[in-house]
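Reading the sequence shown from the start, the letters are residues 2 to 278 in the working numbering. Encoded as structure tokens, the structure appears first; notes follow it.
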Amino acid sequence: MIRLIASDLDGTLIGKDFRFRPRTLHALQAARAAGIQIVFVTGRPSRWLTPIREQTDFDSYAICSNGAVIYHLGADEVEAVNGAPAHAIRSAHELLQPVFPNATYTLETVDTVYIQGPYEGGEVLEGARVVEQHLLGVLDGFAGEQVIKYLVHVPGMDPDILQARVAQTVGELVSVTRGVVGEPLIEMGSKTVNKGYTLAQFAARHGIEAHEVMAFGDMPNDAEMLCWAGRGYAMASGQPALIEKVGRTCPPFGEDGVAQVIEAMLQEHEEAEPRTV
Numbered sequence: 002m003i004r005l006i007a008s009d010l011d012g013t014l015i016g017k018d019f020r021f022r023p024r025t026l027h028a029l030q031a032a033r034a035a036g037i038q039i040v041f042v043t044g045r046p047s048r049w050l051t052p053i054r055e056q057t058d059f060d061s062y063a064i065c066s067n068g069a070v071i072y073h074l075g076a077d078e079v080e081a082v083n084g085a086p087a088h089a090i091r092s093a094h095e096l097l098q099p100v101f102p103n104a105t106y107t108l109e110t111v112d113t114v115y116i117q118g119p120y121e122g123g124e125v126l127e128g129a130r131v132v133e134q135h136l137l138g139v140l141d142g143f144a145g146e147q148v149i150k151y152l153v154h155v156p157g158m159d160p161d162i163l164q165a166r167v168a169q170t171v172g173e174l175v176s177v178t179r180g181v182v183g184e185p186l187i188e189m190g191s192k193t194v195n196k197g198y199t200l201a202q203f204a205a206r207h208g209i210e211a212h213e214v215m216a217f218g219d220m221p222n223d224a225e226m227l228c229w230a231g232r233g234y235a236m237a238s239g240q241p242a243l244i245e246k247v248g249r250t251c252p253p254f255g256e257d258g259v260a261q262v263i264e265a266m267l268q269e270h271e272e273a274e275p276r277t278v
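Written out as structure tokens, the structure reads:
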């Protein structure tokens, strides 16, 4: 019996307009009406989730920044942070700078984005305090503050090659993943924290076991979550390597794949319930 649905957002539940497709939203609402908890699990920071709150009435949670932040949607507040220690990020930055000297490096805390290198701004920085500064200087000034996410962007580079090179360089210090389709943007954080790790902890606190969890995602940063959940689905429209790793797929985003799987699951639940005469 499924008690929790955990899902990535971009390319899984929502499109580039950051809107739910009507069938998908209806399926999520039906699951909630059936007593199933919904948790959004995203690489996005919590400050980007206002449109989600505006489209739903879910008094639920979101696991943000690849597992580093637990955010309560109903209360609009960060409840827990499990970021990376500044010394690990500092060591990673010292190793990466010589390899990618012209890259843009970004460091995020809960409320501030520090940027080293060229950037264009735009909606990705909306809601954040932005500071342009060399990151080694920033990290030297950290006094116990946790790094939510550390990123490197190398325009024009193949994303798969970039991820492999970053992992080879700093993979022993930090987690290395990516969550944006076709973008040479690598996301790093605590070596022990990912979407799957935080989701497992969240489920345990609510008395929910892995076999009672259904999860959906489309990018490498979803891998641990999908492999942990009893029913983990890679989107058929997702990254091929993720599909191969997970081994279970649902129809693509463009065909309301998540909605199709949820609808079938709810039908299973209904048919399994004892009938009274």
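All residues carry an ideal CB built from backbone N, CA and C; glycine is no exception.
Asked: Can the beta-carbon of L97 be found less than 8 Å from the beta-carbon of V171?; Found: yes
Asked: If you follow the alpha helix (DSSP H) that E269 is in, where does it begin and where does it stop?; Found: G258 to A273
Asked: Measure the CB-CB distance between V100 and R166 and report whether it falls below 8 Å.; Found: yes
Asked: When the Cα of E225 is compared with those of G208, I209 and Q202, which residue comes out closest?; Found: Q202
Asked: Thinking C-alpha only, which one of S8, A35 and F254 is nearest Q268?; Found: A35
Asked: Could you tell me which of A230, K246 and W229 sits nearest to A237, measuring between CA atoms?; Found: K246
Asked: Is the distance from the Cβ of M189 to the Cβ of V177 below 8 Å?; Found: yes
Asked: Below 8 Å on the Cβ atoms is my contact criterion, and I expect G218 with D9 to pass it. Report the Cβ-Cβ distance as a whole number of Å.; Found: 4 Å
Asked: Tell me, to the nearest whole angstrom, how far the beta carbon of K196 is from that of N222; I am working on the premise that it is less than 8 Å.; Found: 6 Å
Asked: Going along the chain, which unbroken runs of the alpha helix (DSSP H) with 4 or more residues stay wholly within the segment 184-264?; Found: 196-206, 224-229 and 241-247
Asked: Comparing alpha-carbon positions, which option in L243, Q240, H88 and T199 lies nearest E146?; Found: H88
Asked: Restricting to Cα atoms, I'd like to know which of L50, A69, Y115 and I15 is closest to V194.; Found: A69
Asked: Figure out for me which residue from E184, G138 and H212 has the closest Cα to the Cα of V155.; Found: E184
Asked: Is the beta carbon of R91 sitting closer than 8 Å to the one on L137?; Found: yes
Asked: Which class does L108 belong to by DSSP, given the choice of helix, strand or coil?; Found: strand
Asked: Quick check: the Cα distance between V278 and E272, rounded to an integer number of angstroms?; Found: Bear in mind that a pLDDT of 49 at V278, under 50, signals an unreliable position, so the model cannot answer this.
Asked: What does the Cβ neighbour count give for N67, buried or exposed, with the cut at 16 atoms within 10 Å?; Found: buried
Asked: Going by DSSP, what residue range makes up the beta strand (DSSP E) through L152?; Found: K150 to H154
Asked: With DSSP run on the structure shown, which of helix, strand or coil describes L14?; Found: coil
Asked: Considering only the alpha carbon of each residue, which of V175, V139 and V182 lies closest to P160?; Found: V182
Asked: Taking the alpha carbon of V262 as the reference point, which residue from A205, L174 and A216 has its own alpha carbon closest?; Found: A216
Asked: Could you check what DSSP says for E78 in three-state terms: helix, strand or coil?; Found: strand
Asked: Are I116 and E133 closer than 8 Å when you measure CB to CB?; Found: yes
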